[in-house]
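Basically our numbering = 1-based index in the sequence shown + 236. Just so it is clear, CB atoms sit at the ideal spot from N, CA and C, and this is done for glycine as well. What you are looking at is a predicted structure, and each value in this text was computed from that prediction instead of being measured.
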Amino acid sequence: MIMQDRILELRKEYSKAALDETHTAHEPIAQFRNWFHEALAAKLIEPNAMMLATVNEAGRPSARIVLLRDVTDAGIVFYTNYLSRKAQEIEGQQFGCVTFFWPELERQVRLEGILTKIDAKISDDYFALRPRGSQIGAWSSPQSNRVHSRKELEENEESYTLKFEGMDVPRPPHWGGYLLTPDYVEFWQGRENRLHDRICYSQQTAGDWERYRIAP
Numbered sequence: 237m238i239m240q241d242r243i244l245e246l247r248k249e250y251s252k253a254a255l256d257e258t259h260t261a262h263e264p265i266a267q268f269r270n271w272f273h274e275a276l277a278a279k280l281i282e283p284n285a286m287m288l289a290t291v292n293e294a295g296r297p298s299a300r301i302v303l304l305r306d307v308t309d310a311g312i313v314f315y316t317n318y319l320s321r322k323a324q325e326i327e328g329q330q331f332g333c334v335t336f337f338w339p340e341l342e343r344q345v346r347l348e349g350i351l352t353k354i355d356a357k358i359s360d361d362y363f364a365l366r367p368r369g370s371q372i373g374a375w376s377s378p379q380s381n382r383v384h385s386r387k388e389l390e391e392n393e394e395s396y397t398l399k400f401e402g403m404d405v406p407r408p409p410h411w412g413g414y415l416l417t418p419d420y421v422e423f424w425q426g427r428e429n430r431l432h433d434r435i436c437y438s439q440q441t442a443g444d445w446e447r448y449r450i451a452p
């Protein structure tokens, strides 16, 4: 009961800012860029961390934290193992959702849409910029698959370290990027008394967005 009481008592009042339709961009990617720049300026810890939700063929959802690596006019980009659970779910059901939560700014952003693999050349270029240890790690980890022990991963790492010694580490064919092209985006600004601001964008046609407010 003591822990339950403490949970029930957890409460924070939001009062740092407001969000109004007239002070948002006409399209959501521009608005996202504005907010992301403010998150960077606030020196938040990993402002590019986002919750990615996918569903399997049975409609069962799963979610995990991944890192935003690019923002384009078409949407947002992250990288992963194409043999992972998330990638298998994306292969079967292309719809996905990502959520950013920046508690220091009392803000949240949700983007929903279609997930597609990005061009291999773009994945190659990004992979070449990664730290060498992360490059080796991409080869060493059979992501989402069972392993017998931590030692197995360490032995894989040692093996690939030796294999690529004295040469550039190539991008594994099973590793690359995804683009989430949103058709719905919501910007949430915490307000007092839980009367939060929620400004939404719904895509009507290509390049045409409806912007509106919904109740908290």
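| query | Roughly how many angstroms separate the alpha carbons of Gln425 and Ile435, rounded to a whole number? | reply | 9 angstroms
| request: Using the Cα positions of Thr308 and Thr441, report the straight-line distance between them to the nearest angstrom. | output: 18 angstroms
| task | Can you give me the start and stop residues for the alpha helix (DSSP H) that Gly369 sits inside? | result | Arg368 to Ser376
| field | Residue interval of the beta strand (DSSP E) (run including Met403) | value | Looking at the DSSP string, Met403 is not in any beta strand (DSSP E), and its letter there is neither H nor E.
| request: Please report the Cβ distance between Leu358 and Gly413, rounded to the nearest whole angstrom; I am assuming they are in contact, meaning their Cβ atoms lie under 8 angstroms. | output: The question names Leu, but residue 358 in the sequence shown is Ile. 6 angstroms between Cβ atoms; contact.
| field | C-beta contact flag for Arg305 and Glu422 at 8 angstroms | value | no
| Val478 to Asn284 span [Cα, whole Å] | Residue 478 is absent from the model: the chain starts at 237 and stops at 452.
| query | From which residue to which residue does the alpha helix (DSSP H) around Ala275 run? | reply | Pro264 to Ala277
| request: Indicate the three-state DSSP secondary structure (helix, strand or coil) for Asn381 in the structure shown. | output: coil
| task | Compute the distance between the beta-carbons of Leu219 and Gly332, then report whether it is under 8 angstroms. | result | The first residue shown for the chain is 237 and the last is 452, placing residue 219 beyond what the model contains.
| Which same chain residues, not among the five before or five after Gln379, have their C-beta less than 6 angstroms away from its C-beta? | Asn317 and Ser320
| Rounded separation between Arg343 and Phe337 - CA only | 6 angstroms
| request: Using a threshold of 8 angstroms, state whether the C-beta atoms of Gln330 and Asn292 are closer than that. | output: no
| request: Identify every run of the alpha helix (DSSP H) within the segment 403-449, keeping only runs that are complete inside it and at least 4 residues long; order them along the chain. | output: none
| Which term fits Met403, buried or exposed, when burial requires 16 or more other beta carbons within 10 angstroms of its beta carbon? | exposed
| message | The alpha helix (DSSP H) that contains Glu348, what's its start and end? | response | No alpha helix (DSSP H) contains Glu348, which is instead part of the beta strand (DSSP E) from Arg343 to Lys353.
| request: To the nearest angstrom, report how far apart Arg269 and Glu394 are at their CA atoms. | output: 40 angstroms
| Contact under 8 angstroms by Cβ, Ser438 with Glu428 | no
| query | Which residues in the same chain have their Cβ closer than 7 angstroms to the Cβ of Tyr362, if we skip the five residues on either side of it in sequence? | reply | Arg305, Tyr315 and Gly413
| Hey, Ala266 and Glu340 are a contact pair by Cβ (cut 8 angstroms); roughly how many whole angstroms apart? | Incorrect: roughly 23 angstroms between the Cβ atoms, too far for contact.
| query | Are Pro418 and Glu348 close, meaning C-beta to C-beta below 8 angstroms? | reply | yes
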